[in-house]
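Counting in our numbering, the sequence shown runs from 3 upward without gaps. Idealized CB from N, CA, C, for every residue including glycine.
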Amino acid sequence: MSAQNVVSEKTKDNVHALTVGVRWSDFDMYGHMMNANFIELAQEARLAFAMHHFYARGVNMVAFVRHIEADYVRPIKWDGRHGTVTVETTVVRLGTTSFTTRQTIKDAQGQVACVIDCVQVTIDPATQMPREVSEQERNIILEHAVVELEQQ
């Protein structure tokens, strides 16, 4: 999956939504999207989120994935043509050096297929070590918070 598959991108009510075209190769021999491809969709949406909300503002935040958890709610099935999925990204937790995104992957009919929580740690590029989330980064992250954030 790549930027060439992006159908649309928008932000509304603190939710960043990326609609991506799926390919035949995203599915297994039984017509179900392979589990690893849900993770790839989430990764693509996180990169689009960063490009749209950080890099476009000149904020070069480096964050590494620390933990990822996927809850596979229902399969996405190949329907014989190129369909789309939508990945909605929100922030559900903000800590001192990390934040957690929740990504809801929906099929073409808008039904939830997978929910992915991803803990990302902000990194100092020079030392490759965790660092505190800057005030500018914190303000951008808070624009996309949908639940109460923990205070540390």
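Given residue i, which residues of its chain have a CB within under 8 Å of its CB, disregarding the five upstream and five downstream residues?
i           : result
residue 99  : 123, 124, 132, 133, 134, 135
residue 74  : 37, 40, 115, 116
residue 145 : 16, 55
Please identify the residue among the options whose C-alpha is closest to the C-alpha of residue i.
i           : options         : result
residue 32  : 82, 47, 17      : 82
residue 108 : 71, 16, 141, 43 : 43
residue 71  : 121, 60, 141    : 121
Excluding the five sequence neighbours on either side, which residues of its own chain have a C-beta within less than 6 Å of the C-beta of residue i, listed in chain order?
i           : result
residue 104 : 92, 94, 119
residue 126 : 133
residue 143 : 93, 96, 101
residue 63  : 56, 139
Roughly how many angstroms lie between the CA atoms of residue i and residue j, to the nearest whole one?
i           : j           : result
residue 45  : residue 129 : 24 Å
residue 113 : residue 89  : 11 Å
residue 23  : residue 86  : 4 Å
residue 138 : residue 29  : 40 Å
residue 27  : residue 111 : 20 Å
residue 17  : residue 66  : 21 Å
residue 59  : residue 148 : 21 Å
residue 34  : residue 68  : 28 Å
residue 25  : residue 48  : 20 Å
Does the Cβ-Cβ distance between residue i and residue j come in under 8 Å?
i          : j          : result
residue 96 : residue 50 : no
Among residues of its own chain, excluding the 5 on either side of residue i, which ones have a beta-carbon nearer than 7 Å to its beta-carbon?
i          : result
residue 61 : 138, 139, 142
task: Indicate whether the contact test is met: 3 or more Cβ pairs, each with one atom in the stretch 50–58 and one in the stretch 71–79, closer than 8 Å.
output: no
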